[in-house]
Amino acid sequence: MKISIKNLGPIKNAEFEISDFTAITGFNNTGKTYISYALYGFLKTWSTNTKNLELDEEINSFIENGSLTIKLSKFKKKVLGNFSQLTKNYSENIHNIFSANEEEYKQTEFNIRLNQNDILLKNTINSDISIKGKKILSVNKDQESEDLNFKINLESNTKLPPKYILSEIVSEYINEALLNEILPTPYIITSERTGINIFQNELDINKNVFFEKLAQSKTGKFDLNPFEYIDEVFNRYSIPIKDGIDRTRDIEKDFKQNSYISKEYPAIVKKLENSTGVGYKNNKGQYFITYKEGRKKIALPVYLGSSSSRALFDLYLFIKHTAKKGQLLIIDEPELNLHPKIQIQIARLLASLSNIGVKVMITSHSDYIVKEINNLIMLSSDFENKASFKKSHKYLEYEFLKNINFYITENSTLSHIETDKFGLLRTTFDDSIREMQNISDELYENLL
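Here this note's numbering is used: position 359 in the sequence shown is 360, and no number is missing along the way.
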């Protein structure tokens, strides 16, 4: 999946490819966050904007026979043709993702190039479709099968919806079967995460004020247009930040779930907790940071916790409670508020996620994280005494990085950095580190 972006903030023309682990580094204000937000926005919204595939013949057969088998290979070309239009429409409306003026994004182009060879049909589908709580259809697809099967399965006193609704449902599942394994479901952790966690109560107070004003407007005590108010308050934030706010509101529901990582790789959850020395718990929609003080277990409201514990909360929530295989985890500045030692542990943790079914994309300024990524690339090669090296430095096999794309934002574009057995051939920090070392050496000589 190759993504190209033109005229987006500081980025004039850039191409990049998502792999199991993707890292973007560079100076401040060079477009890293623009890229991550644009990709997130597309992956979040594409499935709701797909076109109806005009399935009159298939729907008539479905209603007549009670079942329908779609040969997915028959629809590859049409779905990919519609996909090109989908990216064009997204480019025209990308300002909505950033909650910005349309004029500022008039020249922006966002494109994802796909071809039929990208579609492998490895995904499985098993779903029941309900309307108003009543089941009407079941859908299934076996792994690597090109057959997408629909069956009418009406509950008592339930009628089939109109043909155009059935056509939309079948079209949606055809698009999902062909594109979902290429276009992962995104989960973004923005660099504004600590602010969202602290000011959530204030945001909810503003919501309560709105409802109070709405009630007053009905009695004539206050003049309020609710639609103007909603537009004013909620359009201040970009979509990734809005989603971060919504996620914080839903933590009570999320805390009741256990992710596949918790079930299959509990050591990864434990490693995150051990890295910071804190855990998290939920109590009636309010969440707390927990830690041990001697034998005593302390629980603090999040706003009283350290900045590092707040910065890692969303990552903890994802890893322990909500992660699903095949998702794309996007993190802006994973190093935010973290001591260098913890930054290194987080780099290892993110690398391990990329090897157990979660794609990872980071934007970073951290030399510690980049150096550890470099180490993990080198560890993917074989060398003498590797086993003893792993043991002495406590590396695990699933932390090593093989499938990685590394980019630097520079000169209004993205430069892809090659790797070999010695790791990255270049990083954005090399010149700065050399300059600091030269200054330090010169000062040392002058002080002798």
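No residue lacks a Cβ here, since even glycine has one placed at the ideal position from N, Cα and C. Predicted model only: the values in this text are computed from it and were never measured.
Helix or strand or just coil, what does DSSP make of residue i?
{"i": "S62", "result": "helix"}
{"i": "D421", "result": "strand"}
{"i": "A352", "result": "helix"}
{"i": "I347", "result": "helix"}
{"i": "R296", "result": "coil"}
{"i": "K264", "result": "helix"}
{"i": "K52", "result": "coil"}
{"i": "T159", "result": "coil"}
{"i": "R237", "result": "coil"}
{"i": "D431", "result": "helix"}
{"i": "Y396", "result": "coil"}
{"i": "S100", "result": "coil"}
{"i": "G82", "result": "helix"}
{"i": "G27", "result": "strand"}
{"i": "V359", "result": "coil"}
{"i": "N376", "result": "helix"}
{"i": "K72", "result": "strand"}
{"i": "L122", "result": "coil"}
{"i": "K257", "result": "coil"}
{"i": "E193", "result": "coil"}
{"i": "S381", "result": "coil"}
{"i": "I137", "result": "strand"}
{"i": "T46", "result": "helix"}
{"i": "K403", "result": "coil"}
{"i": "K517", "result": "In the structure as shown, the chain starts at 2 and stops at 449, and residue 517 therefore has no counterpart that could be examined."}
{"i": "E443", "result": "helix"}
Am I right that residue i and residue j are in contact with their C-beta atoms under 8 Å? What's the rounded C-beta distance?
{"i": "I240", "j": "K45", "result": "7 Å"}
{"i": "F314", "j": "P302", "result": "With 8 Å as the limit, F314 and P302 do not qualify as a contact, their Cβ atoms being about 12 Å apart."}
{"i": "S381", "j": "L397", "result": "Contact flag wrong, Cβ pair sits at about 13 Å."}
{"i": "K272", "j": "L350", "result": "6 Å"}
{"i": "I343", "j": "T277", "result": "6 Å"}
{"i": "T420", "j": "I357", "result": "With a Cβ gap of about 21 Å, T420 and I357 do not count as contacting."}
{"i": "S367", "j": "E336", "result": "4 Å"}
{"i": "E373", "j": "I345", "result": "5 Å"}
{"i": "I321", "j": "S263", "result": "Here the sequence assigns Lys to residue 321, which means Ile is not the residue at that position. With a Cβ gap of about 5 Å, K321 and S263 count as contacting."}
{"i": "E193", "j": "I153", "result": "So it is not a contact: roughly 47 Å between Cβ atoms."}
Residue j and residue i - do their beta-carbons sit closer together than 7 Å?
{"i": "S355", "j": "F84", "result": "no"}
{"i": "L149", "j": "L87", "result": "no"}
{"i": "F17", "j": "L415", "result": "yes"}
{"i": "L179", "j": "V80", "result": "yes"}
{"i": "I25", "j": "T364", "result": "yes"}
{"i": "I189", "j": "I331", "result": "yes"}
{"i": "Q471", "j": "K123", "result": "With the chain represented from 2 up to 449, any question about residue 471 goes unanswered, as that position is not in the structure."}
{"i": "K136", "j": "D129", "result": "yes"}
{"i": "S413", "j": "K13", "result": "yes"}
{"i": "I120", "j": "V140", "result": "no"}
{"i": "Q328", "j": "T186", "result": "yes"}
{"i": "S255", "j": "T323", "result": "The question names Ser, but residue 255 in the sequence shown is Asp. Contact: yes."}
{"i": "L161", "j": "F151", "result": "no"}
{"i": "Y317", "j": "Y281", "result": "yes"}
{"i": "I175", "j": "F76", "result": "yes"}
{"i": "T195", "j": "A348", "result": "no"}
{"i": "P11", "j": "T34", "result": "no"}
State the Cα-Cα distance for the pair residue i and residue j, rounded to the nearest angstrom.
{"i": "D432", "j": "L425", "result": "15 Å"}
{"i": "K142", "j": "P341", "result": "46 Å"}
{"i": "G295", "j": "F319", "result": "29 Å"}
{"i": "S131", "j": "E177", "result": "18 Å"}
{"i": "D244", "j": "A388", "result": "43 Å"}
{"i": "S62", "j": "L167", "result": "12 Å"}
{"i": "E411", "j": "G42", "result": "23 Å"}
{"i": "N112", "j": "S5", "result": "5 Å"}
{"i": "L448", "j": "R435", "result": "20 Å"}
{"i": "K537", "j": "T49", "result": "This structure leaves residue 537 out entirely; the chain is present only between 2 and 449."}
{"i": "D333", "j": "S68", "result": "46 Å"}
{"i": "I170", "j": "S353", "result": "37 Å"}
{"i": "S308", "j": "A268", "result": "24 Å"}
{"i": "D442", "j": "K326", "result": "49 Å"}
{"i": "L56", "j": "S172", "result": "8 Å"}
{"i": "Y38", "j": "S157", "result": "45 Å"}
{"i": "Y266", "j": "N259", "result": "11 Å"}
{"i": "Q438", "j": "E446", "result": "12 Å"}
{"i": "Y261", "j": "V279", "result": "21 Å"}
{"i": "I197", "j": "L9", "result": "25 Å"}
{"i": "T429", "j": "H417", "result": "12 Å"}
{"i": "S92", "j": "M2", "result": "17 Å"}
{"i": "V270", "j": "R250", "result": "22 Å"}
{"i": "I183", "j": "Y399", "result": "23 Å"}
{"i": "S252", "j": "R237", "result": "The amino acid at residue 252 is misidentified as Ser; the sequence shows Ile. One C-alpha to the other measures close to 23 Å."}
{"i": "T504", "j": "Q117", "result": "Outside the modelled stretch of the chain, which goes from 2 to 449, sits residue 504, for which no answer is possible."}
When the cut-off is 7 Å and only beta carbons count, does residue i lie next to chain B?
{"i": "H322", "result": "In the structure shown, chain B cannot be found, because there is only a single protein chain."}
Open item on the list: In chain order, what are the residue ranges of uninterrupted beta strand (DSSP E) at least 3 long that sit wholly in the segment 268-345?
Closed with: 280-284, 287-294, 297-302, 329-333
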